[in-house]
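Worksheet: one structure, shown below.
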Amino acid sequence: MKKFIEPTPEQRRHLLNEYGVPYDRIVREKERRDITSLCRSSAWEMEQNEAYPQRRKIGKAGAGWLLSDLLHWLRNLDR
(Lines of atoms letter the chains of each structure in order from A and count residues from 1; the text may use other names and numbers.)
(Lines give C-alpha, C1' and ligand atoms only; values in the text may rest on other atoms or scores of the structure.)
Protein backbone atom coordinates (compact mmCIF):
# COMPACT_ATOMS: atom_id res chain seq x y z
CA MET A 1 0.00 0.00 0.00
CA LYS A 2 1.08 3.51 -0.79
CA LYS A 3 1.73 5.85 2.16
CA PHE A 4 -0.80 8.68 2.59
CA ILE A 5 0.76 12.13 2.26
CA GLU A 6 -1.23 15.01 3.73
CA PRO A 7 -2.34 17.68 1.26
CA THR A 8 -0.75 21.11 1.32
CA PRO A 9 -2.88 24.07 2.47
CA GLU A 10 -3.35 25.05 -1.18
CA GLN A 11 -4.48 21.53 -2.12
CA ARG A 12 -6.92 21.55 0.82
CA ARG A 13 -8.49 24.85 -0.31
CA HIS A 14 -8.72 23.66 -3.92
CA LEU A 15 -10.38 20.35 -2.95
CA LEU A 16 -12.90 22.01 -0.66
CA ASN A 17 -13.73 24.64 -3.30
CA GLU A 18 -14.25 21.90 -5.89
CA TYR A 19 -16.84 20.23 -3.66
CA GLY A 20 -18.45 23.53 -2.68
CA VAL A 21 -17.44 23.22 0.97
CA PRO A 22 -16.68 26.64 2.49
CA TYR A 23 -14.31 25.40 5.24
CA ASP A 24 -12.52 22.29 6.44
CA ARG A 25 -14.09 20.38 9.32
CA ILE A 26 -13.80 17.21 11.35
CA VAL A 27 -15.76 14.21 10.04
CA ARG A 28 -16.91 11.55 12.50
CA GLU A 29 -17.09 7.78 11.88
CA LYS A 30 -20.52 7.49 10.22
CA GLU A 31 -19.82 10.28 7.73
CA ARG A 32 -16.29 8.92 7.11
CA ARG A 33 -17.79 5.56 6.21
CA ASP A 34 -20.32 7.22 3.88
CA ILE A 35 -17.57 9.20 2.13
CA THR A 36 -15.00 6.43 1.74
CA SER A 37 -17.17 3.25 1.72
CA LEU A 38 -14.59 1.56 3.94
CA CYS A 39 -15.62 -0.40 7.01
CA ARG A 40 -14.15 0.68 10.33
CA SER A 41 -11.67 -2.21 10.57
CA SER A 42 -10.30 -1.69 7.04
CA ALA A 43 -9.85 2.03 7.66
CA TRP A 44 -8.15 1.32 10.99
CA GLU A 45 -5.78 -1.21 9.42
CA MET A 46 -4.85 1.16 6.60
CA GLU A 47 -4.39 3.97 9.12
CA GLN A 48 -1.95 1.79 11.11
CA ASN A 49 0.01 1.15 7.88
CA GLU A 50 0.05 4.91 7.13
CA ALA A 51 -1.96 4.34 3.95
CA TYR A 52 -4.97 6.31 5.20
CA PRO A 53 -5.42 9.72 6.87
CA GLN A 54 -4.71 9.83 10.60
CA ARG A 55 -7.48 10.60 13.08
CA ARG A 56 -7.53 13.91 14.91
CA LYS A 57 -8.36 13.85 18.61
CA ILE A 58 -11.46 15.73 19.73
CA GLY A 59 -11.43 16.13 23.48
CA LYS A 60 -10.64 13.17 25.75
CA ALA A 61 -12.44 10.35 23.97
CA GLY A 62 -13.54 11.62 20.56
CA ALA A 63 -11.74 11.45 17.24
CA GLY A 64 -12.41 12.27 13.62
CA TRP A 65 -10.78 12.96 10.28
CA LEU A 66 -10.33 16.19 8.38
CA LEU A 67 -12.70 16.28 5.44
CA SER A 68 -9.94 17.58 3.17
CA ASP A 69 -7.71 14.61 4.11
CA LEU A 70 -10.45 12.14 3.14
CA LEU A 71 -11.15 13.91 -0.15
CA HIS A 72 -7.43 14.01 -0.94
CA TRP A 73 -7.11 10.30 -0.12
CA LEU A 74 -10.04 9.46 -2.43
CA ARG A 75 -8.64 11.56 -5.25
CA ASN A 76 -5.25 9.81 -5.06
CA LEU A 77 -6.40 6.20 -4.66
CA ASP A 78 -5.33 5.04 -8.11
CA ARG A 79 -2.21 7.15 -8.51
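Those letters in the sequence shown? Residues 1 to 79, by UniProt numbering. Where is the CB? At the ideal position from N, CA and C, for every residue including glycine. This one's a predicted model, so the numbers in the text were calculated from it and none came from an experiment.
Three-way DSSP call (helix, strand, coil) for residue i in this model
i	result
Lys30	helix
Ile5	coil
Glu17	Contrary to the premise, residue 17 reads as Asn rather than Glu in this sequence. Asn17 falls in the helix class under three-state DSSP.
Leu77	coil
Arg12	helix
Residue range of the unbroken alpha helix (DSSP H) whose run includes residue i
i	result
Arg40	40-48
Per DSSP, cross-strand counterpart(s) of residue i
i	result
Gly64	Arg56
Pairwise C-alpha distance: residue j and residue i
i	j	result
Glu6	Glu29	19 Å
His72	Gln11	8 Å
Glu18	Gly59	30 Å
Asp24	Met46	22 Å
His14	Lys3	22 Å
Gly20	Thr36	18 Å
Integer Cβ distance of residue i from residue j, believed to fall under 8 Å
i	j	result
Val27	Leu67	5 Å
Trp65	Arg32	6 Å
Asp78	Pro53	Not really, about 17 Å apart at Cβ, beyond 8 Å.
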